[in-house]
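So the number in my numbering is just where the residue sits in the sequence shown, counting from 1, plus 142.
Glycine included, each C-beta is placed from N, C-alpha and C at the ideal position.
Owing to the predicted nature of the structure, the values given are computational and were not obtained by experimental measurement.
Let me begin by presenting the structure, written as structure tokens, before commenting on it.
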Amino acid sequence: MKNWCVVVVGDKKSPPTYDIPSDNLVFLSPEEQEALPYHIIPLLRWNHFGRKNIGFLYAMHHGAEMIYDTDDDNILKVDSEGNPFIPDFSLGELATSKDGVRPVAGWRKGPTKEE
Numbered sequence: 143m144k145n146w147c148v149v150v151v152g153d154k155k156s157p158p159t160y161d162i163p164s165d166n167l168v169f170l171s172p173e174e175q176e177a178l179p180y181h182i183i184p185l186l187r188w189n190h191f192g193r194k195n196i197g198f199l200y201a202m203h204h205g206a207e208m209i210y211d212t213d214d215d216n217i218l219k220v221d222s223e224g225n226p227f228i229p230d231f232s233l234g235e236l237a238t239s240k241d242g243v244r245p246v247a248g249w250r251k252g253p254t255k256e257e
């Protein structure tokens with residue numbers, strides 16, 4: 143994934159380091175997360191999938207043009223150049239304003255039973 147920056151949001155049960163030699167990998171330890179300026183951090187429980195929101199905020203704060211969300215129990219599919227394969231049905235609406243977005247209306251987790 144040479145054209146992507148991978149952000150890993152550690153948890154209390156995570157190893158203290160994420161030892162993958164890569165220039166485009168950021169591992170946010172619990173201590174680093176608590177030092178970030180995001181007001182949502184104290185509201186997020188430890189050992190809960192909601193902590194991935196810290197990664198979303200970090201990515202946006204650092205200029206991410208696109209965010210690909212996956213979980214540690216999923217196998218990431220990549221193309222021949224090492225970029226994540228993003229199926230058409232997973233692309234949501236582009237937020238072009240900070241005034242407000244209701245992403246739920248355009249968000250789909252995957253194919254429905256009808257498809």
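Within 10 angstroms of its Cβ, does residue i collect 16 or more other Cβ (buried), or is it exposed?
i: residue 152; result: buried
i: residue 177; result: exposed
i: residue 193; result: buried
i: residue 196; result: buried
Looking at the secondary structure, which residues open and close the beta strand (DSSP E) in which residue i lies?
i: residue 169; result: 167-170
i: residue 151; result: 148-151
Give the DSSP-derived three-state secondary structure of residue i in the structure shown.
i: residue 157; result: coil
i: residue 184; result: helix
i: residue 163; result: coil
Once you ignore the five residues that flank residue i on each side, which residues in its own chain have a CB closer than 6 Å to its CB?
i: residue 210; result: 226
Which residues mark the beginning and the end of the alpha helix (DSSP H) in which residue i is found?
i: residue 201; result: 194-203
Report yes if the C-beta distance between residue i and residue j is below 8 Å; otherwise report no.
i: residue 170; j: residue 148; result: no
Once you ignore the five residues that flank residue i on each side, which residues in its own chain have a CB closer than 8 Å to its CB?
i: residue 182; result: 195, 196, 199
Under the criterion of a Cβ to heavy atom distance below 7 Å, does residue i qualify as lining the ligand NAD?
i: residue 197; result: The ligand NAD is absent from the structure shown, which contains no ligand whatsoever.
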